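So the sequence shown is numbered by my numbering: it starts at 15 and just counts up by one.
Backbone N, C-alpha and C define an ideal beta-carbon position, used for all residues, glycine too.
Model, not experiment: these values are computed from the prediction.
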Amino acid sequence: MILDLLFPNRCLHCHRIIEGSELVCGLCFDQIYFTHHRFDEENVLKQRCQLLFPVEYAAALMQFEAENLSRKIVHQLKYGSRERIGKKLAEWTADRITMPAEPPDLMVTVPLHPRKLKERGYNQLHLFAETLASQYGIPHDAAVVKRNFYKKAQAKKKKAQRSTTSNLFSLAENLQNTHVLLIDDVYTTGNTMSSVAWEILKNPGNKVSVLVIAVDV
Ligand SMILES: [Zn+2]
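What follows is the structure, encoded as C-alpha cells:
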C-alpha cells in the first residue's frame, strides 16, 4: 500500500523500519523483560494477589522496571494510537503463558473509569482480551463487571453511609460457579483488581485467577 511506503511501520523503541505487524525490531524485542511466569506455579504476582484476595492462578507477561521497554510498550497501549498493539501483546502472552489443566471458564477485563473511557474512546484492553479469548478458547465477556458511577446526589451522602450501600464495581449478571480470569494492563497496588475480585467472590462457587500485561516491581 502507498500508505505503507509513505508511513512505514517503525520500531516503537529505536524507530528502525520494521514489518507492518510488528511492534519492535528484533534487537529491541530481545530487551523486553518477559517474566516467564506460569499459571500453575507460585510466582511473585500470585503471592502479591494472595495478600489481598484468594486467587487460583496468576501470571504477568512482562515486568516493569524503571525506564525499560515494557513500560514504553504499555504506555503505547494506553495512550498511543497503535490499534494492533493489544493484538500483538495477546499473541506474546499466548506464546508464553499456557493455561492450566483446569482453565478458567470466562475472561473478564477490569472496566475503565467512565471518564477515561470517554477521553480515550475505547478500552485498550478490549482487543487484547478478544485476541486472547480466541487463542485460549475461553470466552471473553466485557459486560460482566461494571464500574459504578456515582452521581452527585449519592456523592453528597455521608461517607460511611455510602460505603455500606455501594461498591466501586458491581456484577452486571448473577454469576455463580464460575472461574473468572481477571485481565488488566498493569498490576501495581492491586487495589482495583482486589475490588473486582471480591465482587466476583461474593457469589457462591466463584473463583478468580489473574492475568496482567505487566507487573510493577
Ligand atoms: Zn528497535
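Rounded to whole angstroms, Asn205 and Trp212 show a C-alpha spacing of 11 Å. When secondary structure is reduced to three states using DSSP, Arg24 falls in the strand class.
For Ser223, the number of other beta carbons within 10 angstroms of its own is at least 16, and it is reported as buried.
No Cβ-Cβ contact shorter than 9 Å links Val194 with Leu59. DSSP places Ala73 inside the beta strand (DSSP E), whose first and last residues are 72-78. Scanning the region 110-167 from its first residue to its last, the whole alpha helix (DSSP H) runs of 4-plus residues come out as 128-134, 139-150. DSSP places Ile87 inside the alpha helix (DSSP H), whose first and last residues are 83-93. If you look at Ser223, you'll find it in the beta strand (DSSP E) that goes 221-230.
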